[in-house]
Ligand code: TGC
Ligand code: FAD
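Residue numbers (the working numbering): 6 to 422.
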């Protein structure tokens, strides 16, 4: 077994920041994506090239290490720089700030390919792009854009996004984290929890209320006195992603770190629209990986003297997987077009995020059954995808919150409270 020598990794235990070797699995990753309705014909040459490059990257850099990282609860920190190198961070941000200057379909494709490898790896990329670079690009000053965006794009810096709090998850408008104007700086107090990337992040985009109760975004940098990022332990999901808290104990934040161009809950919600869109494509990638692995296994596994693929009940599962994947591919592609035209609504994004995650979870669970006992091992990706997707169905708005967003859109009646 080959190893990646002395890569810095984040062990989600008590060994933060230490280096260790991550063994590389030698088995070939033979993934082939289903494209039953020839959706490739709807993509540009550029989209296809990007997809091919990211797919190769995932086969080379993620597949060989991901089972080990998930089993041992390791965030492979070295992937951050590599994501920067392939343009996975902020693909839709203009090139003058280090982004890719690409469209939303390209963004979706990149998230799909990375989550095909692992949802936790996609989390790292989508938080950086949609939840850290996007608000700085959309709501930040020119000086903030120049200072942070190129370093975030290249992976020199890692960011996180702090909205959720211990007492406010689905209802972020109730947040308690607050800042006071002290004349030459702001004084920030409060806590965020369930924050992807936080234990490794160099900066956090934090949403907090001012003295009038208005929500603003602030850029908080690691090293500011009173700011800490404790790791969240005992996760059985997204084990290759690092998750933590953000604790603010009288943190002095320079005034120039406030995002000046938008305030109110609408600001973080706009970031969530972009990230939820990426998850719609991403979860589909996990579903496609499970489908592909199950199809291969069913053709090879012999029971009662025949490949199990010859049994009607296995064929039913595979046919249903392909049906749901094909429908979701069309939804994501059409939503990407609407995003490119600036016409996509929050409710349309909710439908796509909710649908992709639901079908991915069902396909992960059912495809695991096709593998029988082998399905529970790390030799195959289904169990890891299924466990990861339990977070994906919860974060960026739970499955039921997205249903209620759709309910409100249909009826005009708000059913949250
Ligand atoms: P509501 O009354 O509906 O709206 C309050 C204000 O916000 C505005 N707004 C939006 N503006 C722009 N875009 C959107 N998508 C918007 N959604 C809402 C709205 O117009 C209003 O503005 P104004 O000026 O009239 O005041 O708000 P509500 O308090 O009733 O809550 C609505 C609800 C429940 C749908 C929303 O808060 C929600 O979606 N909750 C779920 C929370 C959530 O998604 N949290 C995600 C945290 S981040 C995360 O999980 C990252 S995981 C990353 C990873 O690892 O990949
Ligand atoms: P709650 O809001 O307490 O919900 C509990 C249950 O009640 C859910 O089933 C929910 O659907 C239901 N419920 C709540 N309100 C209603 C209602 N009105 N009607 C019907 N049912 C309702 N947040 C960040 O800010 N940044 C991050 O980077 C981030 N990363 C995350 C990473 C992971 C691994 C996880 C698990 C979460 C992450 N989150 C992050 C937080 C995530 O967004 C929240 O967990 C999510 O929004 C739900 O909030 P909650 O966990 O407090 O659940």
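Just so it is clear, CB atoms sit at the ideal spot from N, CA and C, and this is done for glycine as well. All values reported here derive from a predicted model rather than from experimental measurement.
Reduced DSSP secondary structure (H/G/I, E/B, other) of residue i
{"i": "residue 273", "result": "helix"}
{"i": "residue 10", "result": "With a pLDDT of 46 at residue 10, under the threshold of 50, the modelled position of that residue is not reliable, and the figure given next carries that caveat. Looking at residue 10 - three-state DSSP - the assignment turns out to be strand."}
{"i": "residue 334", "result": "helix"}
{"i": "residue 18", "result": "Low local confidence applies: a pLDDT of 44 at residue 18 is under 50, so the model's placement there is unreliable, with the coordinate-based value given in what follows. DSSP places residue 18 in coil when its eight states are reduced to three."}
{"i": "residue 169", "result": "coil"}
{"i": "residue 202", "result": "coil"}
{"i": "residue 402", "result": "coil"}
{"i": "residue 197", "result": "strand"}
{"i": "residue 397", "result": "helix"}
{"i": "residue 249", "result": "strand"}
{"i": "residue 314", "result": "helix"}
{"i": "residue 241", "result": "coil"}
{"i": "residue 191", "result": "strand"}
{"i": "residue 254", "result": "strand"}
{"i": "residue 81", "result": "coil"}
{"i": "residue 28", "result": "strand"}
{"i": "residue 376", "result": "coil"}
{"i": "residue 223", "result": "strand"}
{"i": "residue 418", "result": "coil"}
{"i": "residue 217", "result": "coil"}
{"i": "residue 210", "result": "strand"}
{"i": "residue 236", "result": "strand"}
{"i": "residue 35", "result": "coil"}
{"i": "residue 134", "result": "helix"}
{"i": "residue 185", "result": "strand"}
{"i": "residue 263", "result": "strand"}
{"i": "residue 105", "result": "coil"}
{"i": "residue 164", "result": "strand"}
Integer Cβ distance of residue i from residue j, believed to fall under 8 Å
{"i": "residue 409", "j": "residue 359", "result": "Their Cβ separation, rounded to whole angstroms, is 10 Å, which puts residue 409 and residue 359 out of contact at 8 Å."}
{"i": "residue 196", "j": "residue 253", "result": "7 Å"}
{"i": "residue 41", "j": "residue 403", "result": "That belief does not hold up - the Cβ atoms of residue 41 and residue 403 are roughly 30 Å apart, past 8 Å."}
{"i": "residue 220", "j": "residue 270", "result": "6 Å"}
{"i": "residue 368", "j": "residue 326", "result": "5 Å"}
{"i": "residue 120", "j": "residue 277", "result": "Going by Cβ atoms, the distance from residue 120 to residue 277 rounds to 17 Å, so no, they are not a contact pair."}
{"i": "residue 422", "j": "residue 398", "result": "Actually they do not touch by this definition, with Cβ atoms about 22 Å apart."}
Cβ-Cβ distance between residue i and residue j below 8 Å
{"i": "residue 291", "j": "residue 365", "result": "yes"}
{"i": "residue 177", "j": "residue 249", "result": "no"}
{"i": "residue 303", "j": "residue 313", "result": "yes"}
{"i": "residue 186", "j": "residue 216", "result": "yes"}
{"i": "residue 333", "j": "residue 289", "result": "yes"}
{"i": "residue 154", "j": "residue 98", "result": "yes"}
{"i": "residue 344", "j": "residue 282", "result": "yes"}
{"i": "residue 396", "j": "residue 242", "result": "yes"}
{"i": "residue 287", "j": "residue 116", "result": "yes"}
{"i": "residue 64", "j": "residue 36", "result": "yes"}
{"i": "residue 67", "j": "residue 123", "result": "yes"}
{"i": "residue 150", "j": "residue 102", "result": "yes"}
{"i": "residue 414", "j": "residue 352", "result": "yes"}
{"i": "residue 75", "j": "residue 389", "result": "yes"}
{"i": "residue 148", "j": "residue 26", "result": "no"}
Among the options, nearest to residue i - alpha-carbon criterion
{"i": "residue 240", "options": "393, 372, 170", "result": "393"}
{"i": "residue 275", "options": "309, 141, 324, 376", "result": "141"}
{"i": "residue 355", "options": "122, 386, 285", "result": "285"}
{"i": "residue 169", "options": "199, 158, 155", "result": "199"}
{"i": "residue 163", "options": "370, 123, 181, 131", "result": "131"}
{"i": "residue 201", "options": "377, 230, 43, 167", "result": "167"}
{"i": "residue 62", "options": "49, 85, 80, 48", "result": "85"}
{"i": "residue 263", "options": "193, 157, 121", "result": "193"}
{"i": "residue 138", "options": "231, 46, 93", "result": "93"}
{"i": "residue 280", "options": "341, 227, 223, 225", "result": "341"}
{"i": "residue 183", "options": "52, 307, 256", "result": "256"}
{"i": "residue 391", "options": "278, 266, 224, 125", "result": "125"}
{"i": "residue 105", "options": "51, 77, 422, 127", "result": "51"}
{"i": "residue 371", "options": "34, 226, 294", "result": "294"}
{"i": "residue 44", "options": "336, 412, 416", "result": "336"}
{"i": "residue 158", "options": "267, 384, 100, 46", "result": "100"}
{"i": "residue 108", "options": "49, 77, 58, 160", "result": "49"}
{"i": "residue 228", "options": "258, 213, 237", "result": "258"}
{"i": "residue 129", "options": "148, 152, 160", "result": "160"}
{"i": "residue 133", "options": "95, 152, 266", "result": "95"}
{"i": "residue 82", "options": "247, 60, 419", "result": "247"}
The stretch 30-48 touching the stretch 57-73, judged by at least three CB pairs closer than 8 Å: Cβ pair count under 8 Å is three or more, so yes.
Sufficient close CB pairs (3 or more, under 8 Å) joining the stretch 141-153 to the stretch 83-93: They do not touch, by the three-pair rule.
Would you call the stretch 104-124 and the stretch 162-178 in contact, with 3 or more CB pairs under 8 Å? Because the criterion of three Cβ pairs below 8 Å is not met, the stretch 104-124 and the stretch 162-178 do not touch.
Meets three-Cβ-pair contact criterion under 8 Å: the stretch 371-385 and the stretch 318-325: Yes, since at least three Cβ pairs between the stretch 371-385 and the stretch 318-325 fall closer than 8 Å, the two stretches touch.
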